[in-house]
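Report on the following structure.
2 protein chains.
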Amino acid sequence: MASQASPTAARTTRPSADSTRDRILAAAVDLFSERSFEGATTREIAARANVTQPLLNYHFRSKEHLWHAAVEGIFGELTQALTARIEGLRGVDELSVAKLIVREFIYFSAAHPQLHRIIMQECKVDGARMDWLVDRHIRPLYEQTVSLFTRLVERGDIPDVPATHIYYVITGAGATMFVLAPECRRLAGFDPLEHEAVEVHADVVTTLLFGS
Amino acid sequence: MASQASPTAARTTRPSADSTRDRILAAAVDLFSERSFEGATTREIAARANVTQPLLNYHFRSKEHLWHAAVEGIFGELTQALTARIEGLRGVDELSVAKLIVREFIYFSAAHPQLHRIIMQECKVDGARMDWLVDRHIRPLYEQTVSLFTRLVERGDIPDVPATHIYYVITGAGATMFVLAPECRRLAGFDPLEHEAVEVHADVVTTLLFGS
DNA sequence: GTCTATAATTAGATAGAC
DNA sequence: GTCTATCTAATTATAGAC
Numbered sequence: 038m039a040s041q042a043s044p045t046a047a048r049t050t051r052p053s054a055d056s057t058r059d060r061i062l063a064a065a066v067d068l069f070s071e072r073s074f075e076g077a078t079t080r081e082i083a084a085r086a087n088v089t090q091p092l093l094n095y096h097f098r099s100k101e102h103l104w105h106a107a108v109e110g111i112f113g114e115l116t117q118a119l120t121a122r123i124e125g126l127r128g129v130d131e132l133s134v135a136k137l138i139v140r141e142f143i144y145f146s147a148a149h150p151q152l153h154r155i156i157m158q159e160c161k162v163d164g165a166r167m168d169w170l171v172d173r174h175i176r177p178l179y180e181q182t183v184s185l186f187t188r189l190v191e192r193g194d195i196p197d198v199p200a201t202h203i204y205y206v207i208t209g210a211g212a213t214m215f216v217l218a219p220e221c222r223r224l225a226g227f228d229p230l231e232h233e234a235v236e237v238h239a240d241v242v243t244t245l246l247f248g249s
Numbered sequence: 038m039a040s041q042a043s044p045t046a047a048r049t050t051r052p053s054a055d056s057t058r059d060r061i062l063a064a065a066v067d068l069f070s071e072r073s074f075e076g077a078t079t080r081e082i083a084a085r086a087n088v089t090q091p092l093l094n095y096h097f098r099s100k101e102h103l104w105h106a107a108v109e110g111i112f113g114e115l116t117q118a119l120t121a122r123i124e125g126l127r128g129v130d131e132l133s134v135a136k137l138i139v140r141e142f143i144y145f146s147a148a149h150p151q152l153h154r155i156i157m158q159e160c161k162v163d164g165a166r167m168d169w170l171v172d173r174h175i176r177p178l179y180e181q182t183v184s185l186f187t188r189l190v191e192r193g194d195i196p197d198v199p200a201t202h203i204y205y206v207i208t209g210a211g212a213t214m215f216v217l218a219p220e221c222r223r224l225a226g227f228d229p230l231e232h233e234a235v236e237v238h239a240d241v242v243t244t245l246l247f248g249s
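Chain order of the listed sequences is A and B.
In terms of the numbering used here, the first sequence opens at residue 38 and continues consecutively.
In terms of the numbering used here, the second sequence opens at residue 38 and continues consecutively.
See the structure below:
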């Protein structure tokens with residue numbers, strides 16, 4: 038029956054934040070992303086955070102509220118990383134900005150594959166959690182991406198291709214190898230999350246997209 | 038608590054096969070792909086197949102055995118579709134074969150997004166089901182893809198890029214929009230599974246990969 | 001083969017001590 | 001804040017009638 042192993046094994050301890058609340062949130066991101074909302078148990082999340090299960094109900098009212106808080110956190114990190122990068126590129130031409138933003142997105146996807154795992158789990162089927170995820174977190178990123186690439190197309194910088202398709206090419210091609218890191222290790226014999234591999238992947242994706 | 042709706046609503050009835058066993062397998066593929074192994078309940082699978090829950094244990098010994106049978110079925114369809122396409126291309130130059138196989142893969146991904154959903158769910162974390170999935174089903178496809186693209190690179194048909202990265206670009210860029218079809222509908226306002234959109238996506242991906 | 005009834009386990013959440 | 005103990009509901013699987 039139970040095939041998944043060692044629920045006791047502590048995860049790579051995060052450098053930042055060590056309050057109980059934050060350890061619970063970090064454990065929740067990991068387990069929700071690995072096992073899906075229904076598959077993750079609050080007991081396992083508690084165990085990974087080194088607390089007892091009822092404490093999750095104390096800090097976050099319910100499993101559902103815990104999920105929202107966890108997702109809020111990881112999307113906050115992505116938004117922060119991307120806006121910081123854009124701020125640092127004021128005055129640069131938009132084609133170069135696009136290339137560097139795609140790179141930044143790939144670096145983030147390798148460092149935090151949990152984000153895409155959660156999107157994949159929730160956006161496969163319509164539901165209340167998907168509605169919230171799309172409206173609150175995904176749509177702003179989508180809109181920004183689409184408007185950026187629409188301008189590049191109008192300017193003739195890239196081939197005339199519908200922006201929505203470009204969006205899914207970027208997210209799919211950029212993140213899938215990291216989402217499926219355990220598969221890749223077994224299949225190809227190397228760890229895609231390792232620095233060298235991430236760099237190669239960023240080169241491959243930007244070359245295919247921008248031709249250089 | 039429960040946010041997912043209408044467990045009674047019957048799915049798009051499959052044209053092929055109507056024996057009880059096959060209806061259970063079809064329902065299992067849908068639910069395992071939507072909700073993950075742990076998230077899917079045998080009662081829900083039974084309900085969607087219009088049978089009672091203990092009947093699943095009669096036909097397949099356990100939930101685990103049912104999962105294996107369901108996955109076996111959908112991967113059989115993919116393998117059949119791809120080998121049939123390759124058979125029909127005997128004598129054609131390998132660059133054209135590659136383009137058409139990628140197209141075929143994209144058509145299949147749009148028609149059966151369940152396959153990638155299941156891969157995503159199982160290959161995020163090491164485990165017994167992932168081992169079986171990779172060794173029995175994914176590796177043969179990976180090896181074929183890698184050897185094909187390695188030959189194309191040697192021949193100078195495509196840029197010199199590590200084949201493993203190409204593999205994840207193809208599967209990621211090719212399938213993600215269909216895996217996230219509900220998200221795409223809400224985000225972009227169109228159904229990516231519709232014929233027109235699939236065709237456009239195949240054009241976009243093959244153009245980016247092969248330059249034409 | 002397919003059903004009803006039910007056993008055994010495990011889930012999320014609450015009560016109340018400290 | 002954090003724990004122990006426990007409730008209720010839901011899960012997979014089995015027993016046995018038809």
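No residue lacks a Cβ here, since even glycine has one placed at the ideal position from N, Cα and C.
As the structure is a prediction and not an experimental result, all values here were calculated from the model.
Under the three-state DSSP convention, the category residue i falls into
| i | result |
| --- | --- |
| A:Glu233 | helix |
| B:Leu217 | coil |
| A:His202 | helix |
| A:Leu126 | coil |
| B:Pro91 | helix |
| A:Ser43 | Because A:Ser43 sits at a pLDDT of 37, beneath the cut-off of 50, its placement in the model cannot be relied upon, and the following sentence gives the value as read from the coordinates. Coil. |
| A:Asp197 | coil |
| B:Ala148 | helix |
| B:His96 | helix |
| A:Ser73 | helix |
| A:Asp168 | helix |
| B:Cys160 | coil |
| B:Ala86 | coil |
| A:Arg48 | Because A:Arg48 sits at a pLDDT of 45, beneath the cut-off of 50, its placement in the model cannot be relied upon, and the point is left open. |
| B:Gly248 | coil |
| A:Asp55 | coil |
| A:Thr78 | coil |
| A:Asp240 | helix |
| A:Asp67 | helix |
| A:Gly209 | helix |
| A:Arg192 | coil |
| A:Gly110 | helix |
| A:Phe142 | helix |
| B:Phe227 | coil |
Integer Cβ distance of residue i from residue j, believed to fall under 8 Å
| i | j | result |
| --- | --- | --- |
| B:Met157 | A:Met157 | 5 Å |
| B:Ala107 | B:Leu62 | 5 Å |
| A:Ala212 | B:Gly211 | With 8 Å as the limit, A:Ala212 and B:Gly211 do not qualify as a contact, their Cβ atoms being about 14 Å apart. |
| A:Leu246 | A:Val139 | 7 Å |
| A:Val206 | B:Val241 | 6 Å |
| A:Arg60 | A:Ala86 | 4 Å |
| A:Ile143 | A:His232 | Incorrect: roughly 12 Å between the Cβ atoms, too far for contact. |
| A:Gly76 | B:Ser70 | The pair is not a contact, with the Cβ atoms about 13 Å apart (cut-off 8 Å). |
Beta-carbon neighbours of residue i, restricted to chain B and to distances below 7 Å
| i | result |
| --- | --- |
| A:Tyr179 | Leu224 |
| A:Ala210 | Val206, Gly209 and Ala210 |
| A:Ala81 | Reading off the sequence, residue 81 of chain A comes out as Glu, not Ala. Those within 7 Å of A:Glu81 in chain B number zero; the least Cβ separation is about 11 Å. |
Within chain B, partners of residue i - CB distance below 8 Å
| i | result |
| --- | --- |
| A:Arg154 | Met157 and Lys161 |
| A:Thr120 | Correct list: empty, because the minimum Cβ distance to chain B is about 20 Å. |
| A:Val108 | Within 8 Å Cβ-Cβ: nothing; A:Val108 doesn't reach chain B, min ~14 Å. |
| A:Leu217 | Ile156, Met157, Cys160, Lys161 and Tyr205 |
| A:Glu191 | Per Cβ cutoff of 8 Å: no residues; A:Glu191 is ~17 Å from chain B at best. |
Under 9 Å from the C-beta of residue i: neighbouring residues of chain A
| i | result |
| --- | --- |
| B:Pro91 | The premise fails here: B:Pro91 is roughly 17 Å from chain A at the closest Cβ pair, so nothing lies under 9 Å. |
| B:Glu141 | Correct list: empty, because the minimum Cβ distance to chain A is about 18 Å. |
| B:Leu246 | Leu245 |
Contact set between residue i and chain A, taken where Cβ atoms lie within less than 8 Å
| i | result |
| --- | --- |
| B:His238 | His202 and Tyr205 |
| B:Thr182 | Going along chain A, no residue has its Cβ under 8 Å from B:Thr182, so there is no contact; the nearest lies around 10 Å. |
Residue i: contacting residues in chain B (beta-carbon distance under 9 Å)
| i | result |
| --- | --- |
| A:Gly76 | Arg72, Ser73, Phe74, Glu75, Gly76 and Gln158 |
| A:Val88 | Chain B residues near A:Val88: none, gap ~22 Å exceeds 9 Å. |
| A:Glu231 | Those do not exist, as A:Glu231 stays about 13 Å from chain B at its closest Cβ, beyond 9 Å. |
| A:Thr255 | With chain A covering 38 to 249 only, the question about residue 255 of chain A has no answer from this structure. |
Within chain A, the residues that residue i reaches when beta carbons sit closer than 7 Å
| i | result |
| --- | --- |
| B:Val198 | Val241 |
| B:Glu131 | None at all; the shortest Cβ gap to chain A is about 19 Å. |
Just by C-beta distance, which residues in the region 165 to 177 of chain B are closer than 7 Å to chain A? Listed by position, the residues of the region 165 to 177 of chain B near chain A (Cβ gap below 7 Å) are Ala165, Arg166, Met167, Val171, Ile175 and Arg176.
Contact list for the region 56 to 72 of chain A against chain B, Cβ threshold 9 Å: Listed in sequence order: Ser70, Glu71 and Arg72.
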